[in-house]
Amino acid sequence: MLDRMRNIGIMAHIDAGKTTTTERILFYTKKIHRIGEIDDGEATMDWMAQEQERGITIQSAATTTWWREHQINIIDTPGHVDFTAEVERSLRVLDGAVTVLCAVGGVQPQTETVWRQADQYKVPRICFVNKMDRVGADYFSAMQDVSTKFSVKCVPLQIPIGQGNDFEGVIDLLEMNEIRWDTATNGETMIVVPVSEARRAEVEMWRERLLDVLSAESDELTELILEGADVPVDMIRRELRKAVLQRTCLPFLCGASRRNQGIQPLIDAVVDYLPAPHEVPPAHGFLVKKEEDVSIPCSAEGVPLGLVFKIQHDREAGALCYVRMYSGKIKSGDQIFNVGKKKRERVNRILRMHSNKSEPMESVEAGDIAVFIGLKLAQTGDTVGSEGMPILLEKMHFPEPVISVAVEPKTLSERDKLKDTLEILSREDPTFTSREDAETGQLIISGMGELHLDVLVTRMLDDFKVEARVGNPQVTYRESVTATAEHTEVFNKILGGKENTASVTLRVESLPRGSGNRFVNALRKNQIPEEIVDAIEQAVTNAFSSGIQYGYPCVDVGVTLTAADYNELTSTVFAFTSAASLCFDEACKKASPELLEPVMNVDILCPKDFVGEAMSQVTQRGGMISSLDSKPLIEVIHAQSPMAKMFGFSTALRSVTQGRASFAMSFSHFEVKKGGLGSF
1 MLDRMRNIGI MAHIDAGKTT TTERILFYTK KIHRIGEIDD GEATMDWMAQ
51 EQERGITIQS AATTTWWREH QINIIDTPGH VDFTAEVERS LRVLDGAVTV
101 LCAVGGVQPQ TETVWRQADQ YKVPRICFVN KMDRVGADYF SAMQDVSTKF
151 SVKCVPLQIP IGQGNDFEGV IDLLEMNEIR WDTATNGETM IVVPVSEARR
201 AEVEMWRERL LDVLSAESDE LTELILEGAD VPVDMIRREL RKAVLQRTCL
251 PFLCGASRRN QGIQPLIDAV VDYLPAPHEV PPAHGFLVKK EEDVSIPCSA
301 EGVPLGLVFK IQHDREAGAL CYVRMYSGKI KSGDQIFNVG KKKRERVNRI
351 LRMHSNKSEP MESVEAGDIA VFIGLKLAQT GDTVGSEGMP ILLEKMHFPE
401 PVISVAVEPK TLSERDKLKD TLEILSREDP TFTSREDAET GQLIISGMGE
451 LHLDVLVTRM LDDFKVEARV GNPQVTYRES VTATAEHTEV FNKILGGKEN
501 TASVTLRVES LPRGSGNRFV NALRKNQIPE EIVDAIEQAV TNAFSSGIQY
551 GYPCVDVGVT LTAADYNELT STVFAFTSAA SLCFDEACKK ASPELLEPVM
601 NVDILCPKDF VGEAMSQVTQ RGGMISSLDS KPLIEVIHAQ SPMAKMFGFS
651 TALRSVTQGR ASFAMSFSHF EVKKGGLGSF
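Take a look at the structure:
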């Protein structure tokens, strides 16, 4: 059964046509009986009210369909850069991906982001060039764009019959057929005829190029070509599949999803070339009991092991935990073990999801994706499995939130409801955090961008019916140190008639930008009890999040425990926790603390006539232009700018370009803020 399963994701830049393509796949595989359009707010995979209103995908939606007796689990991911965490966690559990490109725009800024994420998780992919019916469409230019930017061997499996307004269909280079779609049947009927003589020379040239690329991978195929023999189509498919699995070449197909052209060959390509769960390298885990790394073969007979990659709140069922199974089998009603939290939980029900609808399942096996109901403690990135053999799968890493707003309940009675809602939302979305400001008592929520926070605030007010006032967006800063300093803190207090003593020496130092915080225990083994070391580490970890001068979280700070005085009679965990916390604060103050501000990558897509105006908008805001890409109809400006200066940029850009430019912004890095917190 495993070889008849595909776990795929559809990934692309915003507006390349991911959801439209997914909608057609579901229609032709008979999963749905009517095509819903995004523009009408009726797309199956965009089921959230806000997705329908805004015409964008916000949450990755999962569904399962069947084609040629193969089970295909599809995850439709968002294209907007603010929802990059949704893409990240989807790619973590996928075996293959379909990259959708716009035939006019080619590789766009967010395409590069999702491509890097897919490279990180070594996901094999195929490319579908969409919108071939648009004016300015250029299939070969899009292919060249991918080849140049990502240094991959691009192999066309099809070439288009006409482009733009003249687009009629495609030519299959393997079967040497022309394929057109009948508009009367919504593209369900394909008209297949042999290649016409007028096009044969061009088609032969592209087929030779395809065989040339594959011959570099296969001696058997090379021999046939040298002998001048016909190469069987089955052999081409077999060699192409091997090359895709090894990620040595990238097959290209094309079509126009909105006009129902090109979808069936794309689904065939998913089945023919993308891997089954057991064909990708085994997952890596950490065997907790033996403290060693292990690889986990994808087998239903193995130890039960799954990864919670997404959590969604349902008003009636509670938390829906999306789980990708890597090994073994879990049945409805089974007790499972949350390895990271070291807690047992019960799976009350298992569901197969279709967007926001579901059907019950008896059990779920290795390689499959399902939803567990009943897990109360699970969070995104948690490993669930067997208590007898606890294996911890590699965690997912998410970017830091860069923008915040203050939220206040309208009445005191709403405060608890607001806190509960924020807890649910942050459990669903790892890039959304909330904290209480120690000075003002306000609740501060943080996210990846203005759109991200706007969507979450709208959900809070509309879906959860929380009565709250929301402030204006603010930049989320970070704090760090620039020097190395050491401090010793002695704690001695009598509490409840009992003496509590502790002495801790910590050294703090600056780490390279982007490397994160680190705690190192430099004491000899067994110099002090293990629970005391754990208490010190916990206190330092908590101190990282509460900042140094301004209360912003710390980044890139290294802390080393160099000395500790422990007395069996008077030392307590409480004393060491307090001493470590005070010691960290004092050591950081000595180590020249600094404030860091988020710097954003800004990619502007702009008509050639307005390039000067668009550039000047960025430079006026303290931005630096790094490069300029020329496309047939537009210029792409790549720049970096401080986040604090980018509020209102959208309106300014639209006004100087007559509403014809658009931009995408993503977090790049933190940089020292000149002039401290008071200067803007």
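Last residue of the sequence shown: 680 in my numbering, with the numbers rising by one and none dropped.
Just so it is clear, CB atoms sit at the ideal spot from N, CA and C, and this is done for glycine as well.
Just so you know, these numbers come straight off a predicted model, no measurement behind them.
For W206, same chain residues with a beta-carbon under 7 angstroms away, outside a window of 5 residues either side, are P156, I159 and L173 in chain order. P277 is classed as buried because its beta carbon has at least 16 other beta carbons within 10 Å across all chains shown. An exposed status is given to E531, since fewer than 16 other beta-carbon atoms sit within 10 Å of its beta-carbon. V323 is the residue among G388, C154, V323 and Q379 whose C-alpha sits nearest the C-alpha of A366.
Each of S215, L422, V557 and T476 was checked against the Cα of K673, and the nearest Cα belongs to T476. Residue state for C583 is assigned as helix, using DSSP reduced to three classes. Taken in chain order, the unbroken stretches of beta strand (DSSP E) that lie wholly in the region 379-439 and span 3 residues or more are 383-385, 391-393, 403-409 and 433-436. For E509, no alpha helix (DSSP H) run applies; the uninterrupted beta strand (DSSP E) run containing it begins and ends at K498 to S510, by DSSP.
Cβ contact annotation for D95 (same chain, cutoff 6 angstroms, sequence separation greater than five): N7, P275, P277 and V280, in chain order.
Cβ-Cβ distances below 8 angstroms link R344 to Q335, I336, F337, N338 and E387 in the same chain, with the five nearest sequence neighbours on each side left out; the list follows chain order. Annotation: L101 to E537 spans about 47 angstroms, alpha carbon to alpha carbon. Cα atoms of A142 and V104: separation of roughly 8 angstroms, rounded to the nearest angstrom.
According to DSSP, L351 shares a beta bridge with P360 and V371.
Buried is the label assigned to I32, since at least 16 other Cβ atoms lie within 10 Å of its Cβ. For L245, the closest alpha carbon among the candidates P360, G9, M353 and A97 is that of A97. Every alpha helix (DSSP H) of 4 residues or more that sits fully in the region 100-175 is shown, in chain order, as 109-120 and 139-150. Annotated three-state conformation of S215 is helix, per DSSP.
Shown here for D119: not one same chain residue has a beta carbon closer than 6 angstroms to its own, the five before and five after excluded. Sorting T113, N186, E613 and T21 by C-alpha distance to the C-alpha of I637 places E613 at the top. Distance between I10 and G471, taken at the CA atoms: about 36 angstroms. Within the region 536-599, the complete beta strand (DSSP E) segments at least 3 residues long are 557-565, listed from N- to C-terminus.
With 16 or more other Cβ atoms inside 10 Å of its own Cβ, K310 counts as buried. CA-to-CA, the gap between T619 and W67 works out to about 52 angstroms. It is roughly 7 angstroms from the alpha-carbon of M615 to the alpha-carbon of I625.
Note on the region 236-314: whole beta strand (DSSP E) runs with a minimum of 3 residues are 250-254, 283-287, 292-296 and 305-314, in chain order. Per DSSP, Q658 has no beta-bridge partner at all.
Spatial neighbours of S215 in its own chain (CB-CB distance under 7 angstroms, excluding positions within 5 residues in sequence) are listed in chain order as L221, T222 and I225.
Under the Cβ criterion (8 angstroms, minimum of three pairs), the region 604-613 does not count as touching the region 563-570. Restricting attention to P529, V540 and I330, the CA atom closest to the CA of V520 is found in V540.
In this structure, the beta-carbon distance from S480 to S510 falls below 8 angstroms. Per DSSP, M615 is one residue of the alpha helix (DSSP H) stretching across V611 to Q620. The beta-bridge partner set that DSSP reports for D629 consists of V636.
Around R518, the same chain offers G558 as residues with beta carbons nearer than 6 angstroms, after the five sequence neighbours per side are excluded.
Per DSSP, K329 is one residue of the beta strand (DSSP E) stretching across K329 to K331. S641 is positioned such that its CB atom lies no closer than 8 angstroms to that of A579. In this structure, DSSP gives V490 an extended state, which the three-state scheme calls strand.
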